[in-house]
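K.L.:
I'd like to ask you about the structure that follows.
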C-alpha cells in the first residue's frame, strides 16, 4: 500500500470543446505535474467536473491517468455518486484499474443524516480493499459531517484511512487528527487553511491551486516538513491571494482551466452551465499569475 501524504493537485478534465475531452492534453498535464514534483494526483473531483462527465468518461479518465502515471506517484480517484450503488461501482472500477485510493463524499443532493452517511461510507469502502479517503465538504454537499461520525467510520472500517476536511473549521481538523491518530489521517481540503492544517496534524493537502502553481505548493509543504516555517509562510503569503480568488469566485474550475491555457497547458472550456471568466476575472487572474512569477503565453 502506497503512502498517501503531501500535496495532491486535484486535476481539471481538459476539453477541446464542450463535448470532447482533450485526452492527449490530460496526459501532458499529468507529466507536467509529475515533473513539478507533486506528491500525488487526484482526478474526477469537483475541479475535474465529475458531475458533468458521463460514466464512460469518468471510467476512461481513470484508465488514462493510471496508464500515464504508471506507478510513479500515488493516484487518487474521485468516486462520488448520489447513490451508494453507483458509488460502489465507481470505486470498484478505480480499484480494478489499479488506482491507489478513492475519494468519496456523501450523497450531495439527498442531504443524508449522520447514520446514513456512516452506512454509505461503510458500504462503499467494504466493497473494495484499497484505501478510501472520505470527504467532508458542507459547501458542496449541504451536510457538515460530525467529527464523531468521521472518527467512528474510520475506526470501524479498516480501509477508510484518510479524510479530506473542507468545512473551513480548523478545530475539526485538529480534533480528527488528534483523536484519530493511528487509524485515520487528515488532508486539508481548503485553499486558505493549508499551513494551519499542517500545524494541527494534517498530513496532506488536496488542493486546487496546485494545478496552477504545483512547484510553489510543493515547496511550501516541504518547508513545513523541514520546520522551515519562515520560508513556508513566505510562500503561503504569496499563494493566499490566488487561494482567496479560487475560494471566493465561484468559478474555480474556470480559473484553473484558463490558467492552464495561459501557461501553454491543456485547459479548454467547461461544460455548461459553467461560463468563461469575464474581463475583470481574466485581468485578476493574469495579475495573480504575474505576482507568482508564472510564465504565461
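Residue numbers (the working numbering): 39 to 335. Built from N, CA and C at the ideal position, the CB exists for glycine as well. Model, not experiment: these values are computed from the prediction.
#1: Short of 7 Å in beta carbon distance, which residues of its chain neighbour residue 238, apart from the five on each side in sequence? Order them along the chain.
#2: Could you tell me the alpha carbon to alpha carbon distance between residue 156 and residue 198, rounded to whole angstroms?
#3: Taking the alpha carbon of residue 51 as the reference point, which residue from 166, 111, 74 and 115 has its own alpha carbon closest?
#4: Taking only the alpha-carbon atoms, compute the straight-line gap between residue 202 and residue 145 and give it to the nearest angstrom.
#5: Taking the alpha-carbon positions, what's the residue 164 to residue 176 distance?
#6: Using the three-state DSSP reduction, which class does residue 308 fall into: helix, strand or coil?
#7: Hey, could you find the ends of the beta strand (DSSP E) residue 202 is sitting in?
#8: Apart from the five residues on each side of it in sequence, which residues of its chain come closer than 6 Å, Cβ to Cβ, to residue 223?
#9: Within 10 Å of its beta-carbon, does residue 292 have 16 or more other beta-carbons around it, so buried, or fewer, so exposed?
#10: Considering only DSSP beta bridges, list what residue 174 is partnered with.
#11: Can residue 338 and residue 229 be called in contact, C-beta distance under 8 Å?
#12: Within the region 41 to 99, note down every full beta strand (DSSP E) run reaching 3 residues or more, in order along the chain.
#13: Return the CA-CA distance between residue 310 and residue 110, expressed in angstroms with no decimal places.
#14: Would you mind giving the Cβ-Cβ distance between residue 135 and residue 101, rounded to the nearest angstrom? I have them listed as a contact below 8 Å.
#15: If you run the structure through DSSP and keep just helix, strand and coil, what is residue 232?
#16: If I follow the unbroken beta strand (DSSP E) through residue 223, where does it start and stop?
#17: Does DSSP put residue 109 in a helix, a strand or coil?
#18: Going along the chain, which residues of its own chain have a beta-carbon closer than 7 Å to the beta-carbon of residue 149, five neighbours each way excluded?
#19: Report the CB separation of residue 125 from residue 117 in whole angstroms; it is logged as a contact under 8 Å.
#20: Quick one, are the C-beta atoms of residue 152 and residue 187 less than 8 Å apart?
#21: What first and last residue would you give for the alpha helix (DSSP H) that runs through residue 192?
#22: How would you write the range of the beta strand (DSSP E) that residue 143 sits in, first residue to last?
#23: Residue 78 and residue 46: beta carbons closer than 8 Å?
#24: Could you give the C-beta distance for residue 306 and residue 335, rounded to a whole number, given that I count them as a contact under 8 Å?
P.N.:
Walking through what the data contain:
#1: Result list for residue 238: 208, 211, 212 and 215, in chain order.
#2: The C-alpha of residue 156 lies about 11 Å from the C-alpha of residue 198.
#3: Across the set 166, 111, 74 and 115, the C-alpha of 115 shows the shortest separation from the C-alpha of residue 51.
#4: The alpha-carbon atoms of residue 202 and residue 145 are separated by roughly 15 Å.
#5: Taking the straight line from one Cα to the other gives about 24 Å.
#6: DSSP places residue 308 in coil when its eight states are reduced to three.
#7: For residue 202, the enclosing beta strand (DSSP E) stretches over residues 198 to 203.
#8: Residues of the same chain with a CB within less than 6 Å of the CB of residue 223, apart from the 5 flanking positions on each side, are 200 and 241 in chain order.
#9: Around the Cβ of residue 292, a 10 Å sphere holds 16 or more other Cβ atoms; the residue is buried.
#10: Residue 174 pairs with 203.
#11: The structure shown has nothing for residue 338, since the chain only spans 39 to 335.
#12: Segments of the beta strand (DSSP E) lying fully in the region 41 to 99: 44 to 47 and 79 to 81.
#13: For residue 310 and residue 110, the gap between their C-alpha atoms comes out near 34 Å.
#14: That belief holds up - the Cβ atoms of residue 135 and residue 101 are roughly 6 Å apart, short of 8 Å.
#15: Reduced to three states, the DSSP call for residue 232 is helix.
#16: For residue 223, the uninterrupted beta strand (DSSP E) segment begins and ends at 223 to 226.
#17: Of the three classes helix, strand and coil, the one that applies to residue 109 here is coil, per DSSP.
#18: Around residue 149: 180 and 181.
#19: Contact between residue 125 and residue 117 holds, with the beta-carbon distance rounding to 6 Å and staying under 8 Å.
#20: Closer than 8 Å, so yes.
#21: Under the DSSP assignment, residue 192 falls in the alpha helix (DSSP H) whose first and last residues are 185 to 194.
#22: 139 to 143 is the extent of the beta strand (DSSP E) around residue 143.
#23: A contact, by the Cβ cut-off of 8 Å.
#24: Between residue 306 and residue 335 the beta-carbon gap is near 15 Å, outside 8 Å, which marks them as no contact.
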